Every structure is written in structure tokens, then in C-alpha cells.
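**Student:** Sharing a structure, written as C-alpha cells. Questions coming.
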Amino acid sequence: MTSERSPERLDAGERSPAQGQRSLTSKQIASGAGAVLVLVFALINLQDVTMHWIVGTTHTPLIVLVAICVLIGAGVGFAIGRRAKTPQRPPS
0 MTSERSPERL
10 DAGERSPAQG
20 QRSLTSKQIA
30 SGAGAVLVLV
40 FALINLQDVT
50 MHWIVGTTHT
60 PLIVLVAICV
70 LIGAGVGFAI
80 GRRAKTPQRP
90 PS
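See below:
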């Protein structure tokens, strides 16, 4: 028998620095890559565009519209994700 303990049984003070660090998950990497792509896309589209609303027309930079669409999409995605994780009660 050896006197070594398994990594699961080590105290927080006994862990090596490499074990205490978090590694990036694939979800974090994908989110970062998506954020970079949206940023590059928004910065490429700096020209002004005409927006036709129900009650009027405005001229605004396309980067503003891209940012608004990203925020709306993130909000909808967050709301749907939260709704899907909520436990459903079985019918009585």
C-alpha cells in the first residue's frame, strides 16, 4: 500500500496549482468565438441605413441595429433556456 491519497480526497490546501485552475469548457469557447464573430461583423458594417418604422423613418448606423438584434436574440435565448430548465410538475 502507498501513502498517496487520490486527488478526490486531497484538501484544498494540498492540491497542486494545476488542479486548482479551471479549464475552459466547450460552451465557453463557443460563446467567446460567437462574441468575436458578432463584434467583427458589427465593426465591418458601419454605413448608415434607413429604418422604416410603422410610424416613421429613421437613419441609423448599421452597427446599432446589429447590436440591438444581438441583445434581443440573447434575451430570447436566455428566456427560452431558463424556461426549459424549470422543472415541470406532473399532472395530478
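All residue numbers for the sequence shown refer to numbering that gives the first Met the number 0, where the first residue is 0 and numbers rise by one.
Each residue gets a CB set at the ideal place from its N, CA and C atoms; glycine is no exception.
Fair warning: this is a prediction, and the values are worked out from it, not measured in the lab.
Take F40 and list the residues in its own chain whose beta-carbon comes closer than 8 Å to its own, dropping the five residues that flank it on each side.
**Tutor:** Hits under 8 Å: V65.
**Student:** Compute the Euclidean distance between the alpha carbons of L38 and G80, then round it to the nearest angstrom.
**Tutor:** About 23 Å.
**Student:** Along the chain, where does the beta strand (DSSP E) that runs through V54 open and close?
**Tutor:** Taken as a continuous stretch (DSSP letters only), V54 belongs to no beta strand (DSSP E), as it is neither H nor E.
**Student:** Give the single residue among L70, V63, L42 whose Cα lies nearest to the Cα of M50.
**Tutor:** Measuring from the Cα of M50, the nearest candidate turns out to be V63.
**Student:** In terms of residue numbering, what span does the alpha helix (DSSP H) encompassing S30 cover?
**Tutor:** Start and end: 25 to 43.
**Student:** Do P60 and L45 have their CB atoms nearer than 8 Å?
**Tutor:** In this structure, L45 lies closer than 8 Å to P60 by Cβ.
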